[in-house]
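Engineer:
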Amino acid sequence: MNSDFIPIKSLEGDLKMSHKKRDFGLTVSSKELILHKPHINYYFKLEHIISIIPYDKSALKAVTFVNSRSANREFTHVAPGSDYFRIYVQAATVHNRSGLFEIGPTDIIIPIHPSMLKVISEYIQLVGITIF
């Protein structure tokens, strides 16, 4: 685990699962999904998630890090061997070393382990979002 991760500010709902790797982590509660990256956390309320769809990364080569601030996009290292998903949310909260900031619609592409995806889908259904 990376020592540059910022501790989560507070967790809405009950903690269901958390997993951190060297360059990112995911935490799921009964009310939110948190993406951890060194020096920054992204908080997504489950009720704000519009879609989670598989992302076909076969056309991509290894991507190392692209941050497009005005378009609310960020990639981390994309490599073979993981199932990636595109998550689109209507709003998010960013927590970095400068504080907390609200952002609008955001699209993220991250690898999600099948057991984590199962927990996310269980709790998304409880807030009224239909999973296909």
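My numbering puts the first residue of the sequence shown at 34, with every later residue one more than the last. Even glycine gets a Cβ: it sits at the ideal position worked out from N, Cα and C. Being a predicted model, the structure only gives us computed values, none of them experimental.
#1: Please state the DSSP three-state secondary structure of threonine 97.
#2: Would you report the Cα separation of leucine 66 and serine 91, rounded to the nearest angstrom?
#3: What separation, rounded to the nearest whole angstrom, lies between the Cα atoms of threonine 97 and glutamine 158?
#4: Can you grab the Cα-Cα spacing for the pair isoleucine 41 / asparagine 74, in whole Å?
#5: Have a look at Ser115, Phe134 and Ile82 and flag the residue whose alpha-carbon is nearest the alpha-carbon of aspartate 89.
#6: Can you give me the C-alpha to C-alpha distance between methionine 50 and proline 71, rounded to a whole angstrom?
#7: Can you tell which of Leu79, Arg55, Gly58 and Arg130 has its C-alpha closest to the C-alpha of aspartate 47?
#8: Go to lysine 151, then tell me how far its alpha helix (DSSP H) extends in each direction, as first and last residue.
#9: Taking buried to mean at least 16 other C-beta atoms within 10 Å of its own C-beta, is glycine 58 buried or exposed?
#10: Of the choices His146, Ala124, His69 and Lys54, whose alpha-carbon is the least far from that of arginine 130?
Structural biologist: So, to answer that:
#1: Working through the sequence shown from its first residue, we reach residue 97 at position 64. The predicted position of threonine 97 is uncertain, since its pLDDT is 49 and thus under 50; no value can be drawn from it.
#2: As a working note, residue 66 is residue 33 in the sequence shown. As a working note, residue 91 is residue 58 in the sequence shown. Their Cα atoms are separated by approximately 26 Å.
#3: Working through the sequence shown from its first residue, we reach residue 97 at position 64. Working through the sequence shown from its first residue, we reach residue 158 at position 125. Here threonine 97 scores only 49 on pLDDT, less than 50, and its place in the model is too uncertain to base an answer on.
#4: Translated into the one-based positions of the sequence shown, residue 41 becomes position 8. Translated into the one-based positions of the sequence shown, residue 74 becomes position 41. Isoleucine 41 and asparagine 74: Cα-Cα distance of roughly 7 Å.
#5: Indexing the sequence shown from 1 puts residue 89 at position 56. Proximity to aspartate 89 across Ser115, Phe134 and Ile82 peaks at Ser115, based on C-alpha coordinates.
#6: Within the sequence shown, numbered from 1, the residue matching residue 50 stands at position 17. Within the sequence shown, numbered from 1, the residue matching residue 71 stands at position 38. Their backbone Cα atoms lie some 19 Å apart in a straight line.
#7: For the purposes of this step, residue 47 is identified with residue 14 of the sequence shown, where counting begins at 1. Checked all of Leu79, Arg55, Gly58 and Arg130; the closest Cα to aspartate 47 is Leu79.
#8: Looking up residue 151 in the sequence shown gives position 118. From DSSP, the alpha helix (DSSP H) with lysine 151 extends over 147 to 159.
#9: Along the sequence shown, read from residue 1 onward, the residue named residue 58 stands at position 25. It counts as buried.
#10: Numbered from 1 along the sequence shown, position 97 holds the residue referred to as residue 130. Among His146, Ala124, His69 and Lys54, the Cα nearest to that of arginine 130 is on His69.
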